[in-house]
Amino acid sequence: GDSVTQMEGPVTLSEEAFLTINCTYTATGYPSLFWYVQYPGEGLQLLLKATKADDKGSNKGFEATYRKETTSFHLEKGSVQVSDSAVYFCALSEYNFNKFYFGSGTKLNVKP
Amino acid sequence: NAGVTQTPKFQVLKTGQSMTLQCAQDMNHNSMYWYRQDPGMGLRLIYYSASEGTTDKGEVPNGYNVSRLNKREFSLRLESAAPSQTSVYFCASREGPLSSEQYFGPGTRLTVT
């Protein structure tokens, strides 16, 4: 079945450091891939997405590239800010978007 | 524009009690979802409703029932709560077949003692 595996956290970085959060997936078909972000006490918000192989999703300085050959969708940001502190979830959905599968989440702490 | 709203925000139940979690969206979305979030396990889909009048099981439906009351509202019922159902519950909605983005409510924190 479909599944998503993320690197365990928490990840602690200093402000302006480079961020990578690893995500790999298993899927039977050709899924769309997503990164969602959850700020403390809130629901999840879509951060970025990619719908086919080699697509790059980007938003607010975050990027992720859909790599079919390595079944990966790693999240990167060149220079993190304290305001990026949150939990980040990788997710996938197959063609009709009726079901979504989420990874376990990676907590990011950014220190000034 | 309130988006997705959930009530209540917090709830404590005793084992065996029943309750209904309410969810409503004002975005005229077709699809709605219920998830539970547990530490170290991410979000797991309980039930979803692809469109008004339809509901389907997700990964972890046991112990839950749902009702798509109308296009706006999608409720989750626990008939006989168990400690294993202690979790944070999120409702989400999605516009329709061509849209992949889900919009999430703020969550309900449920504790079963």
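Chain order of the listed sequences is A and P. Per this note's numbering, the first sequence starts with residue 7, numbered consecutively. Per this note's numbering, the second sequence starts with residue 2, numbered consecutively. For glycine and all other residues, C-beta sits at the position ideal for the given N, C-alpha and C. Small disclaimer: the values here were computed from a predicted structure and weren't measured.
Item, Value
"Which one or two residues does DSSP pair with residue 105 of chain P in a beta bridge?", "P:93"
"Output yes or no for whether 7 Å exceeds the beta carbon distance between residue 90 of chain P and residue 37 of chain P.", "yes"
"Going by C-alpha to C-alpha distance, which of A:90, A:14, A:65, A:58 sits closest to residue 40 of chain P?", "A:14"
"For the beta strand (DSSP E) that residue 65 of chain A lies in, which residues bound it at each end?", "62-65"
"For residue 8 of chain A versus residue 33 of chain A, is the C-beta spacing smaller than 7 Å?", "yes"
"Hey, does residue 104 of chain A have any beta-carbon neighbour from chain D nearer than 7 Å?", "Of the chains in the structure shown, none is chain D; the protein chains are A and P."
"Counting only C-beta atoms, is residue 84 of chain P closer than 7 Å to chain A at any point?", "no"
"If you check the beta carbons only, do residue 26 of chain P and residue 5 of chain P fall under 7 Å apart?", "yes"
"With a 10 Å radius around its C-beta and 16 neighbouring C-beta atoms as the bar for buried, classify residue 40 of chain A as buried or exposed.", "buried"
"Along the segment 40-57 of chain P, what residues have a CB closer than 8 Å to any CB found in chain A?", "41, 42, 43, 44, 45, 46, 49, 51, 57"
"Determine, using beta carbons only, whether residue 78 of chain A and residue 114 of chain A come nearer to each other than 7 Å.", "no"
"At the level of alpha carbons, what is the spacing between residue 26 of chain A and residue 43 of chain A?", "14 Å"
"When DSSP labels each residue in this structure, what does residue 91 of chain A get in the three-state scheme?", "coil"
"Contact criterion: CB-CB distance below 7 Å. Does residue 89 of chain A meet it with respect to chain P?", "no"
"If you draw a straight line from the C-alpha of residue 62 of chain P to the C-alpha of residue 48 of chain P, how long is it?", "6 Å"
"So what's residue 76 of chain P in DSSP terms, helix, strand or just coil?", "strand"
"Helix, strand or coil, according to DSSP, for residue 85 of chain A in the structure here?", "coil"
"In the structure shown, what three-state DSSP assignment does residue 1 of chain P receive?", "Residue 1 of chain P lies beyond the stretch modelled for chain P, which goes from 2 to 114, so this question has no answer here."
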